[in-house]
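Below is one structure; the comments refer to it alone.
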Amino acid sequence: MKFKRAGALILSAVVLASAFAGCGPSKPSTSSAASTSSQATKIPDYMNPVGKYPITKEKITVNAIVPLNSTEAKDWNSLLAFQRLEKMTNIHWNFEYVDSSKFSDQVNIRMASDDLPEVITGGTDLTATFEETYGPTGKILDLTNLIPTYMPYFSKRRSEVKDIKYANTSLTGKIYGLPDYTISSGNIPSLSFMDKKTLDKAGITSIPKTTDELYTMLKAFSKIDIDGNGKVDDIPMDSQGTGTLRQIIQPAFQGYTGGSVSDEWDIDATGKVVWMPLQKGFKEYLEFLHKLYSEKLLDNEFLTIKSDQFAAKVKSGAVGLFAGFTPTGLAGTKMEKDPLVELPALTSPTNSKQVAQQPNWMATTAAVLTKSCKHPEAVLSWFDLFYRKEGEEVQNFCGKTSLLGYENENWKYTDSTKTKYVFIDPVKSYVELNKQIMITYGWPAYIDNSPMQAGGLMETKISQNKTNYAPYYRESYPLKYVRFTNEENDSITTAQTDLDTYLNMMEGKFINGQENLSNYDQFISKCKQLKVDNLTKTMQTALDRYEKAGK
Amino acid sequence: MGISMYDTKGDKVFKAVDIFLLIIITLLCAYPMWFVLIAAVSNPDLVQNGQVMFLPKDFTWDGYQAVFQNNDILIGYRNTIIYTVFGTLLDLVVTLPAAYALSRHDFVGRNIFTVIFTITMFFSGGMIPGYLVVQRMHLINNPLVMIIIGATGMYDIILCRTFFQSSIPSELTDAAQIDGCSNTQLFVKVILPLSKPIVAVMTLFFAISHWNNYFTAMLYLNKPDLRPLQLVLQEILIQSDMMAQLIQNQSVDPATAAKIERTKQLVRYASIVVSSLPVMCLYPLIQKYFVKGIMIGSIKG
Amino acid sequence: MLRKKKSEAPVGAAIAVRHQSSRRKLMKRNWELYLFILPATLYFALFCYWPMYGVIIAFKRYNIGTGILQSPWVHPWYHYFKMFFDSAWFTTTVKNTLVLSLYGFVVSNILPLLLALMVNEVQNMVFKKTVQTITYLPYFISEVVLVGLIDLMFADKGVVNHMVTACGGTATQFLSSDVAFPHLYVWSGEWVGTGYGAIIYFAALSNVNPELYEAAVIDGANRFQRIIHVTMPAVIPTFVMLLILGAGSIMSVSYTKVLLMQTTTNLEVSEVINTYVYKTGILHTQYSLSTAVGLFNNVINLILLIIVNKISKTVSDIALW
C-alpha cells in the first residue's frame with residue numbers, strides 16, 4: 014500500500030513537473046536576438062496559436078513602466094478595458110507609474126542602472142533616439158523577427174501606411190519599438206477662428222481667401238467695438254508667438270508648410286530638401302506681418318504673451334481673429350454659443366496654391382520591450398490587439414477602443430453615414446473614459462478616428478477644418494520621424510540651434526520693427542554663414558535613408 | 011542701536027529716513043505674497059488680464075478645493091515634517107562640528123580639508139552616476155534618502171566657520187584649554203551656547219531647504235506613501251494641467267470645462283500658499299535668537 | 002578694524018606652530034576635532050567624490066545604453082568643448098552670462114547687507130521683527146509665479162506703464178526690449194532674495210556687544226562712525242566670504258528663470274550658456290555636450306574663486322583657505 018501511494022505521488026509529481034516545464038519562461042533574448050532566420054515559426058509552448066484567445070495557456074504577469082499622466086485612475090487595472098483584456102488574454106499587467114513630467118530622465122536612469130522592467134510604454138516621451146541608443150546594445154529587444162509571426166495586424170498596417178514602415182525602422186534596418194498612429198481630432202491644430210458676430214459687425218460678407226482680403230478684413234475689425242464694451246480698443250488679430258502664423262500665413266506666401274512643425278524644413282517638388290526662409294516668399298511673409306503689426310492689426314504683445322495670458326484675452330471677447338486657440342476653450346464664456354468660422358488655406362501675391370500641413374498622426378515609439386521581458390511573444394500578441402482596425406475587432410476590442418471605449422457601450426455613431434459619434438452615459442468625455450474605462454493615450458496602436466464627436470465646439474472645429482484645411486493637406490519634412498546617426502547628430506545639433514535661435518530672433522525683430530526690412534539681405538547672408546547649406550545636405554541624407562527604410 | 015538721550019537732530023532725521031525706507035521696502039516685499047493670496051482665490055482670466063492687482067475678483071475656492079480634495083496632501087505634510095525635522099537635525103550634527111574644526115587654527119590639515127570640501131562645490135558627476143551611487147547604498151525608495159542627501163554642503167560649512175572664527179574670541183579657547191577642558195566639552199559647553207544665532211540661522215536654512223526639496227524625492231522615491239509635500243503638489247499641478255488638455259480634445263459640458271480650466275491656474279497659486287505657510291511660521295520662532303547680543307560677560311573674569 | 006584681526010591670532014596656536022615636532026602633538030591633542038569633521042568627510046566622499054567619475058562623460062561619446070565606463074572616448078578629447086566654442090552663439094552666450102551674473106553679483110551682495118544695517122539702526126523690537134519676517138516671505142514664490150507677475154506688471158497696459166504714462170512718459174514694451182531685460186532679471190531676483198539673504202547678517206549683528214556701542218558714543222562717535230567702527234566689523238567677515246563664494250558661481254546662471262523671461266526679440270541679451278545648452282538638448286539629448294559645457298563653466302568658476310580668494314587674502318586676511 015505504501016509503495017503504491019508513494020509511486021502515485023512520484024508519478025503525479027513527474028507529470029506535473031513536465032506540464033510546468035512547458036509553461037516555464039522561454040529564453041526570449043537569446044533565441045530571438047540570435048535567430049537569423051527570417052521567420053520564427055515555432056510558437057512557444059506556453060502560448061496558444063496566434064489569433065486564438067486567451068493568448069497564453071496559463072496566466073502570466075508582465076511588469077511595465079508607464080507615465081502617470083492619467084487624471085483619475087490611480088490603478089489602471091481597475092479600469093474596465095484592462096479587466097476585460099485580462100480575462101480575454103490571460104495576461105496580467107503590473108504597472109509601475111512614473112511621474113510623466115520627468116519620464117524620460119527617470120527611464121534613462123533605470124536603463125543605466127540595469128533595473129529594467131519588462132516593458133516600457135511612453136506615448137510621446139519615448140522617441141526614436143531612445144531606440145537607437147538602447148537597441149544596438151541589446152537592452153531593448155530586437156523585434157524584427159517576432160513581428161511577422163506574432164503581430165499580423167501590425168504587419169498589415171506597416172505595409173498599408175508607408176510612414177509607419179519608414180518611421181518604425183531603425184538605422185540598421187531593425188524594429189525596436191511599436192508606434193502610435195492615431196488619426197484623431199485631438200491631433201488637429203486649431204488654426205484661425207473668428208466669431209461670426211464680429212464679421213457681421215464689421216460688415217464682412219465673405220471670408221477672406223487671400224492675404225490681401227485678410228488685411229482688408231482686419232482693417233475693418235480695427236474700426237469696430239468687438240467685445241461690446243463701448244470702446245474701439247480691441248485686437249483685430251492675436252496669436253501666441255509666431256508658431257500659428259507660420260501655419261496660416263507663411264504657407265500662403267511660400268507654398269510650403271514646414272514652418273512650424275518641421276523647423277522650417279520642407280521638400281520641393283523634385284524631392285529636394287529646402288530651408289524655407291531661403292525660398293521665395295519669405296520676405297513677403299515678413300513684410301505682411303510687419304504691416305499688420307505696425308498698423309496695430311496684430312496684437313503688439315503677441316511676441317511676449319504667454320499661453321495663459323493669450324487665453325484670457327481671447328476669452329474676454331476682445332480678439333477678432335484668434336490664431337491657435339481651440340474653440341473648446343470658449344466653453345463657459347459668453348461666446349460659446351456663437352457661430353464660429355475659420356479662414357481657409359490662403360493664397361497670396363507670391364503663391365497661388367492652397368496648402369496646409371498634415372497633422373502629425375504618429376509617435377514613433379510608444380512601447381519597447383526590454384531584455385528582461387520573459388514572454389515577448391505574448392506581449393507582442395497583446396499589443397497586436399491595438400492594431401486591429403474597425404471591422405477586425407475581437408470581443409468588441411480594437412485599436413479604436415483604446416481611444417473611445419467600447420462601441421455601442423460607451424459610444425456610438427449617430428447614423429449610418431458613420432461621420433459623427435456621441436458618447437453614451439455615463440461616459441461623457443475623455444474624463445470619464447480615463448476614470449473608468451481606459452487610459453486613452455500613450456499606447457502603441459493604429460486608430461482611425463476621422464469621424465468627429467457630434468455637437469458642441471468640437472464639432473465646430475472639426476467640421477470647419479474639413480472644408481478649410483483638410484483638402485489641401487500635404488506633408489513637409491518628416492522631422493519627427495527621421496532618424497539621425499551619431500555623427501549627423503553631432504554635426505547638426507549646435508548648428509540647428511544656432512540657426513533656429515537666429516531665425517526666431519530676426520523674425521520677431523523684422524515683424525515688430527526693431528530690425529528694418531531693408532537689411533533683409535544681411536539676414537540671408539548671415540543664415541548662410543550659419544552653415545545652413547551643410548545642414549540642408551545632412552537633412553537630405555537622412556531623408557533619403559528614411560525613404561529607403563524597410564525595403 | 012543708539013542710546014536715545016544722545017540722539018542729535020541729525021540722528022533723528024537719519025532714523026526717520028531709515029524707518030521710511032524700511033516701510034517702503036517692507037511693503038514692496040509684502041506685495042508678491044499678497045498677490046499670490048488674492049490670485050489663489052480669483053478668476054484666473056481676470057488675473058491674466060491684469061485686472062487683479064490689489065484685490066481679489068470673482069471669488070472662488072476651486073483652487074484650494076483641488077489641492078485639498080487630494081488625500082495625499084496629508085501624507086505629503088506628514089512625510090515632509092518627518093523629513094524636515096530629522097534632516098535638519100542631521101544637517102546640524104554634520105555641519106556644525108565640521109565647521110568648528112575648520113575654524114581652529116591649531117587643526118592640522120585644516121587647509122587640506124578645506125580644499126577637498128571646496129572642490130565638491132565645483133565638480134559633480136551628474137544625475138546618472140549620482141543615481142547609481144544612491145542605488146548601491148540601498149537608498150532608493152528609502153525614506154532615509156530624504157534625510158541623508160543634502161546633509162551638508164561646503165557653503166553651509168563656510169558660513170558656520172566664518173561665524174565661529176569671527177565671533178568666538180580665541181582667548182576663550184585658550185582659557186578652556188588651560189582649564190583642562192577637552193575639545194568636546196569645549197565645543198558643547200562653551201562654543202555652542204555662544205553660537206545661538208548661527209545655530210538658529212542654520213536651522214532655518216536647513217529646514218527650509220528640506221521643506222522645499224523636490225528633486226531628491228523626484229529622482230529617488232517612487233512609492234506613493236513616501237512622497238513629500240512638494241511632490242504631491244507638483245502632481246496635483248500636472249494632473250490639473252492634463253485635465254485641461256484632455257478637455258481640449260473633446261466637447262465637455264461648459265460648466266465642467268470652465269471649472270477645469272480655472273482650476274489648472276488656481277492650483278499653482280494655492281500650492282504656494284499651502285506649502286509655504288508652515289515654514290513662514292517657523293521664522294518668528296527662530297527670530298528670538300537674533301535679538302540680543304549674548305557675549306556680554308563671557309570674557310570678564 | 003580689519004587689521005586688528007592679525008594680532009588676534011591665537012597665542013597658543015602661534016607658539017605651537019613654531020615647533021615642527023609639535024604638529025604631531027597638536028594632532029594628538031586635537032584628536033576629537035578629527036571626529037568632528039568625520040561625518041562631513043564621509044558625506045562628501047560618498048555622495049560627491051564617488052559619483053564624480055561622471056565628469057568623464059564630457060570626454061566620451063556617451064551612450065546611456067553602453068554606460069559611462071564602456072562608452073568610447075571621443076576623438077579628439079576636446080570635441081564637445083570645440084562644438085560649444087565653435088557655435089555662432091558662443092561669444093553672445095558667454096557675454097550675456099557674465100553680464101547678468103556680475104550685475105546680479107554686485108547687487109545681491111550689497112543689498113542684503115544694506116537692509117540688515119538699516120534694520121539694525123532701529124530700536125523698536127516689534128518693527129524690527131516685522132520687517133525681518135515680511136522681507137523674507139517672497140523667497141517662497143516659485144519662479145513661474147514670479148515671472149508671471151512680472152509679465153502682468155510690465156505688460157503694455159500693465160501697472161508700470163500706467164504709472165509711466167501718468168507721469169507724462171510714453172508706454173514702453175519692457176518685455177521685448179533688449180535694454181530692459183538685464184534690469185528686470187536682476188531686480189526681480191533682488192525682490193525675492195534680499196530679505197532671505199539678510200538673515201545671515203541679522204544673526205551676525207545680533208552678536209555685537211551693546212557695550213561697544215555705548216563705548217563708541219562715549220568716545221563721541223556719531224551714528225555713521227558707530228556704524229563703520231562697531232557694526233561693520235561684525236559683518237565684514239561674512240560679507241567677504243559670501244563675496245568669495247559668489248565669485249565661484251559667476252558662470253552658473255540658472256536656465257529656468259532666464260528661459261521664462263526670454264522672448265524672441267531679446268535673445269541677443271537673454272541667451273545665456275545654460276539656456277543654449279538646454280535648447281540643444283531638446284533637439285537631441287546630448288549628455289556629453291551638456292556635461293562638457295558644465296565642466297567648462299565649473300572650471301571658470303573655480304579659477305575665479307581662486308583669484309578672488311587670493312586677492313581677499315592679501316587685502317583683508319579673510320579667505321577661504
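Chains as they are written, first to last, in this note's numbering: chain A, 14 to 564; chain B, 11 to 311; chain C, 2 to 322.
No residue lacks a Cβ here, since even glycine has one placed at the ideal position from N, Cα and C.
Q. Taking buried to mean at least 16 other C-beta atoms within 10 Å of its own C-beta, is methionine 242 of chain C buried or exposed?
A. One-based indexing of the third sequence puts residue 242 of chain C at position 241. By the 10 Å Cβ count, methionine 242 of chain C comes out buried.
Q.
Checking the sheet assignment: what are the DSSP bridge partners for phenylalanine 196 of chain A?
A. Walking along the first sequence from the start, residue 196 of chain A turns up at place 183. Contrary to the premise, residue 196 of chain A reads as isoleucine rather than phenylalanine in this sequence. DSSP output for isoleucine 196 of chain A lists A:Asp461 as bridge partner(s).
Q: Please confirm whether threonine 363 of chain A and glutamate 297 of chain A have their CB atoms less than 8 Å apart.
A: The residue labelled residue 363 of chain A in the question sits at position 350 within the first sequence. The residue labelled residue 297 of chain A in the question sits at position 284 within the first sequence. Contact: yes.
Q: Report all residues from its chain with a CB closer than 6 Å to the CB of valine 231 of chain C; omit the five preceding and five following residues, and keep chain order.
A: Here residue 231 of chain C is taken as the residue at index 230 of the third sequence, counted from 1. Cβ neighbours of valine 231 of chain C beyond the five flanking positions: Leu213, Tyr214, Ala217.
Q: Anything in chain A within Cβ reach of glutamine 195 of chain B, meaning under 7 Å, just list it in chain order.
A: Residue mapping note: residue 195 of chain B aligns to position 185 of the second sequence, counting from 1. Result: empty, since nearest Cβ-Cβ is about 46 Å, beyond 7 Å.
Q) What distance in whole Å lies between the Cβ atoms of phenylalanine 234 of chain A and glycine 333 of chain A, which are believed to be in contact at a cut-off of 8 Å? A) Against the first sequence, residue 333 of chain A aligns to sequence position 320. Against the first sequence, residue 234 of chain A aligns to sequence position 221. Confirmed, about 4 Å.
Q: Say whether the stretch 170-183 of chain A touches the stretch 445-453 of chain A, bearing in mind that this needs 3 or more beta-carbon pairs closer than 8 Å, one atom from each stretch.
A: no
**Q.** Cβ neighbour criterion (16 or more within 10 Å) applied to threonine 7 of chain B
**A.** Since the displayed chain B opens at 11 and closes at 311, residue 7 of chain B lies outside it and no answer follows.
Q.
Does any residue of chain B have a CB that is nearer than 8 Å to the CB of glutamate 33 of chain C?
A. Here residue 33 of chain C refers to the residue found at position 32 when the third sequence is read from its first residue. With 8 Å as the cut-off, glutamate 33 of chain C counts as an interface residue toward chain B.
Q: Could you tell me which chain C residues have their CB closer than 7 Å to the CB of lysine 522 of chain A, listed as they occur along the chain?
A: Sequence index remark: in the first sequence, residue 522 of chain A carries index 509 (1-based). The contacting residues are Thr266.
(Q) Please report whether the beta-carbon of methionine 552 of chain A lies at a distance below 8 Å from any beta-carbon of chain C. (A) For the purposes of this step, residue 552 of chain A is taken as residue 539 along the first sequence, with counting starting at 1. Not closer than 8 Å to any Cβ of chain C, the Cβ of methionine 552 of chain A fails to qualify, so no.
Q) Given valine 287 of chain A, which residues of its chain have a CB within under 6 Å of its CB, disregarding the five upstream and five downstream residues? A) What you label residue 287 of chain A is simply residue 274 of the first sequence in a count that begins at 1. Cβ within range, chain order: Asp279, Asp281.
Q.
I'd like the span of the beta strand (DSSP E) that includes serine 205 of chain A, first residue to last.
A. The count along the first sequence starts at 1 and reaches residue 205 of chain A at position 192. Residues 205-208.
(Q) Give me the chain C residues within the contact set of asparagine 121 of chain B, using Cβ-Cβ distance strictly less than 8 Å, ordered along the chain. (A) What you label residue 121 of chain B is simply residue 111 of the second sequence in a count that begins at 1. Near asparagine 121 of chain B (Cβ distances below 8 Å), the residues of chain C are Trp322.
Q. Apart from the five residues just before and just after lysine 209 of chain A, which ones in its own chain have a Cβ nearer than 8 Å to its Cβ?
A. Looking up residue 209 of chain A in the first sequence gives position 196. So the qualifying residues of the chain are Asp351, Pro352, Leu353, Val354.
Q) With 8 Å set as the bound, which would you pick, yes or no: does the beta-carbon of serine 205 of chain A sit closer than that to a beta-carbon of chain B? A) Here residue 205 of chain A refers to the residue found at position 192 of the first sequence. Chain B contact via Cβ: absent.
Q) So which residues of chain C does phenylalanine 174 of chain B contact, with C-beta pairs closer than 9 Å? A) Translated into positions along the second sequence, residue 174 of chain B becomes position 164. The premise fails here: phenylalanine 174 of chain B is roughly 10 Å from chain C at the closest Cβ pair, so nothing lies under 9 Å.
Q. When you compare each of A:Ser198, A:Asp240, A:Val274, A:Thr224 to leucine 256 of chain B by their alpha carbons, which one comes out closest?
A. Locating residue 256 of chain B in the second sequence gives position 246, where the first residue counts as 1. The option with the nearest alpha carbon to leucine 256 of chain B is A:Ser198.
Q. DSSP state of valine 75 of chain A, grouped into three classes?
A. Here the question's residue 75 of chain A lines up with position 62 in the first sequence. Here valine 75 of chain A sits in strand by DSSP.
(Q) Strictly below 9 Å CB to CB, what residues from chain C border valine 198 of chain B? (A) Numbered from its first residue, the second sequence carries residue 198 of chain B at position 188. The contacting residues do not exist; valine 198 of chain B stays about 11 Å from chain C at best.
Q.
I believe proline 139 of chain C touches methionine 43 of chain B by the beta-carbon criterion, under 8 Å. Please report the beta-carbon distance rounded to the nearest angstrom.
A. For the purposes of this step, residue 139 of chain C is identified with residue 138 of the third sequence, where counting begins at 1. For the purposes of this step, residue 43 of chain B is identified with residue 33 of the second sequence, where counting begins at 1. Proline 139 of chain C to methionine 43 of chain B, Cβ: 6 Å. Contact.
Q. What residues in its chain sit with their C-beta under 6 Å from that of glycine 198 of chain C, if we drop five residues either side in the sequence?
A. Mapped onto the third sequence, residue 198 of chain C falls at position 197. The residues are Pro113.
Q. How many angstroms separate the CA atom of leucine 204 of chain B from the CA atom of phenylalanine 197 of chain B?
A. For the purposes of this step, residue 204 of chain B is taken as residue 194 along the second sequence, with counting starting at 1. For the purposes of this step, residue 197 of chain B is taken as residue 187 along the second sequence, with counting starting at 1. Going from the Cα of leucine 204 of chain B to the Cα of phenylalanine 197 of chain B covers about 10 Å.
Q | From A:Tyr482, A:Leu393, A:Ser113, A:Asn242, residue whose alpha carbon lies closest to that of glutamine 371 of chain A | A | By one-based count along the first sequence, residue 371 of chain A stands at place 358. Cα-wise, what sits closest to glutamine 371 of chain A is A:Tyr482.
Q: Check whether the Cβ atoms of tyrosine 110 of chain B and isoleucine 122 of chain A lie closer than 8 Å to each other.
A: For the purposes of this step, residue 110 of chain B is identified with residue 100 of the second sequence, where counting begins at 1. For the purposes of this step, residue 122 of chain A is identified with residue 109 of the first sequence, where counting begins at 1. No, the Cβ-Cβ distance between tyrosine 110 of chain B and isoleucine 122 of chain A is not below 8 Å.
(Q) Beta-carbon within less than 8 Å of threonine 94 of chain B's beta-carbon, same chain only, minus the 5 sequence neighbours each way: which residues are those? (A) For the purposes of this step, residue 94 of chain B is taken as residue 84 along the second sequence, with counting starting at 1. Closer than 8 Å at Cβ, skipping near neighbours: Ala217, His220, Trp221.
Q) Can you tell me whether tryptophan 90 of chain C is buried or exposed, with buried defined as 16 or more other CB within 10 angstroms of its CB? A) Here residue 90 of chain C corresponds to residue number 89 of the third sequence, with the count starting at 1. Classification of tryptophan 90 of chain C: buried, given that the 10 Å Cβ count is 16 or more.
Q. In the stretch 129-150 of chain B, which residues sit with their C-beta less than 8 Å from some C-beta in chain A, listed in chain order?
A. Met137, Ile138, Tyr141, Leu142, Gln145
Q: Specify the secondary structure class of serine 442 of chain A as computed by DSSP and reduced to three states.
A: Position 429 of the first sequence holds residue 442 of chain A. Reduced to three states, the DSSP call for serine 442 of chain A is coil.
Q) Can you tell me whether proline 264 of chain A is buried or exposed, with buried defined as 16 or more other CB within 10 angstroms of its CB? A) Taking the first residue of the first sequence as 1, we reach residue 264 of chain A at position 251. So proline 264 of chain A counts as buried.
Q) If we ignore side chains and look at the alpha-carbon of each, how far apart do glutamate 409 of chain A and glycine 455 of chain A end up? A) Looking up residue 409 of chain A in the first sequence gives position 396. Looking up residue 455 of chain A in the first sequence gives position 442. For clarity, residue 409 of chain A is asparagine in the given sequence; the question names glutamate instead. Rounded to whole angstroms, asparagine 409 of chain A to glycine 455 of chain A spans 21 Å at the Cα level.
Q. Does the stretch 384-402 of chain A come close enough to the stretch 162-172 of chain A that 3 or more CB-CB pairs lie under 8 Å?
A. yes
Q.
Taking DSSP's pairing of strands, which residues face asparagine 478 of chain A in a bridge?
A. Looking up residue 478 of chain A in the first sequence gives position 465. Per DSSP, none; premise fails for asparagine 478 of chain A.
Q. Taking a cut of 9 Å between CB atoms, which residues from the stretch 119-143 of chain C lie near chain B?
A. Met119, Val120, Asn121, Glu122, Val123, Gln124, Asn125, Met126, Phe128, Lys129, Lys130, Thr131, Val132, Gln133, Thr134, Ile135, Thr136, Tyr137, Leu138, Pro139, Tyr140, Phe141, Ile142, Ser143
Q. Which partner residues of histidine 105 of chain A appear in the DSSP bridge assignment?
A. Position 92 of the first sequence holds residue 105 of chain A. Histidine 105 of chain A pairs with A:Thr74.
Q. Under a CB-based cut-off of 8 Å, is glycine 159 of chain C close to chain B?
A. By one-based count along the third sequence, residue 159 of chain C stands at place 158. Chain B contact via Cβ: present.
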